[in-house]
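The sequence shown begins at 830 in the numbering used here and counts up one residue at a time.
Think of the CB as a built atom: it goes at the ideal place given N, C-alpha and C, for glycine as much as any other residue.
Quantities reported herein were computed from a predicted structural model and do not represent experimental measurements.
Comments concern the structure below.
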Amino acid sequence: MQTYSHLIVTGALNGRFAQRLRTKKNLPPLRSKALLLGSILPDLPLITISIITIGYDILAGNFANGAPGPDAPLGTSLTQKLFDIWFYENPWVIAAHNLFHSPLLVAVFMLIGLWAYQRGKQWGAGFFWLSAAALLHTLIDIPLHVDDGPLLLFPLNWTLRFRSPISYWDPNYHGREWSIFEHLLDLALLVYLFVRYRPKWQAWRQRRKTN
830 MQTYSHLIVT GALNGRFAQR LRTKKNLPPL RSKALLLGSI LPDLPLITIS IITIGYDILA
890 GNFANGAPGP DAPLGTSLTQ KLFDIWFYEN PWVIAAHNLF HSPLLVAVFM LIGLWAYQRG
950 KQWGAGFFWL SAAALLHTLI DIPLHVDDGP LLLFPLNWTL RFRSPISYWD PNYHGREWSI
1010 FEHLLDLALL VYLFVRYRPK WQAWRQRRKT N
């Protein structure tokens, strides 16, 4: 799923979480900012590395004839090497990408956050909800990748992935159909968020006018 779609889905769930947690005294209080950050956090390391490699390729003239497609033969493009080779073989890239993508590791982070909250640590609640959103992100991603999904048991296992018949991006594995569904879902959730938060937005604007 696209990174922005993860943010939209989590944003739509945010209000529901707040309502249900009022009766859950054993869980940390909701931290909405941490929740929203956690929804995109798993993708940020690879996005950052991609920006660096794309910048290098532009400066080096590797994109003079356009960016190579996913099936193009391996050339001098660092970006192409990132996704075709380093993503699967470079330990630094693997570790960075799976730090908040591995369901095993993120579940451990949630337990650490809960443990810290129960012992009065101020950062515990935020870290718990940051990790919870990252776990939701990776649980959505797992069935939407054919051979490039999250490593299920990282850091204990550096190769095990779920091989899904569906890819969110590859047209050879229903990528076009999924993209249509995903963006229709995004649109519906954005309408829901607009309707839900419009009164609060109007009240905020009214307060600014009166101040």
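Straight-line gap, residue i to residue j (C-alpha atoms, nearest Å)
i       : j       : result
Asn927  : Ile880  : 18 Å
His974  : Ala1017 : 24 Å
Lys853  : Leu980  : 31 Å
Pro874  : Ala924  : 10 Å
Trp921  : Leu911  : 11 Å
Gly942  : Leu888  : 42 Å
Gly949  : Pro857  : 10 Å
Leu1022 : Pro932  : 28 Å
Thr882  : Gln831  : 20 Å
His835  : Leu989  : 23 Å
Asn919  : Asp977  : 14 Å
Arg1025 : Tyr917  : 42 Å
Leu907  : Glu1006 : 30 Å
Gly953  : Trp944  : 7 Å
Thr905  : Thr877  : 20 Å
Leu968  : His930  : 9 Å
Leu859  : Leu1014 : 25 Å
Gln1035 : Tyr833  : 30 Å
Gly844  : Trp958  : 14 Å
Ser1008 : Thr1039 : 44 Å
Ile863  : Pro984  : Contrary to the premise, residue 863 reads as Ala rather than Ile in this sequence. Cα to Cα, Ala863 sits roughly 24 Å from Pro984.
DSSP three-state assignment for residue i, whether helix, strand or coil
i       : result
Ile941  : helix
Val1024 : helix
Asp999  : coil
His974  : coil
Trp1007 : helix
Gln1031 : helix
Leu989  : coil
Leu981  : coil
Arg948  : coil
Phe892  : coil
Residue i Cβ short of 7 Å to the ligand FMN heavy atom set
i       : result
Leu1019 : The ligand FMN is absent from the structure shown, which contains no ligand whatsoever.
Which whole runs of the beta strand (DSSP E) in the region 904 to 943 are 3 residues long or more, in chain order? none
The region 950 to 968 touching the region 854 to 870, judged by at least three CB pairs closer than 8 Å: yes
Fully enclosed by the region 846 to 890, which alpha helix (DSSP H) runs are 4 residues long or longer? 861 to 869 and 873 to 889
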